[in-house]
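In my numbering, the protein residues as written are 5 to 134.
In this text, a Cβ means the ideal position worked out from N, Cα and C, and glycines have one as well.
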């Protein structure tokens, strides 16, 4: 199977005003990427790392993966984790991980709490601040 491993390398990632330390910590190292690619190759798959940057929309169709092992965090904005899955869905390329809607909802903590509450699932009280 031809597998594209998609991630954001910490060393190449842009930083922006207001970027929290946990957003920076979510980005990956070359060591992590190499371990995943090597493991896939040892399992008999053809695997390559594709960086989740602005050129991904060009590199993905050229590589023609059967599936993408997606661990990308994305860049900028409160929906950044759904950026790569959105692109993969648009290109009709299967991928690992949560779907776009699940990521979008899970990243919106107040909305997640409202959904849980609506379905009568126990969750601690919450408050939002502007």
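| For residue 45, which residues from the same chain have a beta carbon less than 7 angstroms from its beta carbon, with the 5 sequence-adjacent residues on both sides left out? | 51
| query | residue 103 lies in the alpha helix (DSSP H); which residues open and close that run? | reply | That residue, residue 103, is in no alpha helix (DSSP H); it is neither H nor E in DSSP.
| request: Check residue 37 in the structure and name its three-state DSSP category. | output: helix
| request: In the DSSP assignment, find the beta strand (DSSP E) that holds residue 53 and state where it starts and stops. | output: Boundaries of the beta strand (DSSP E) harbouring residue 53: 50-55, taken from the DSSP string.
| task | Taking the CB atoms as reference points, tell me whether residue 11 and residue 97 lie closer together than 7 angstroms. | result | no
| request: Would you decide whether residue 128 is buried or exposed? Buried here means 16 or more other CB atoms lie within 10 Å of its CB. | output: exposed
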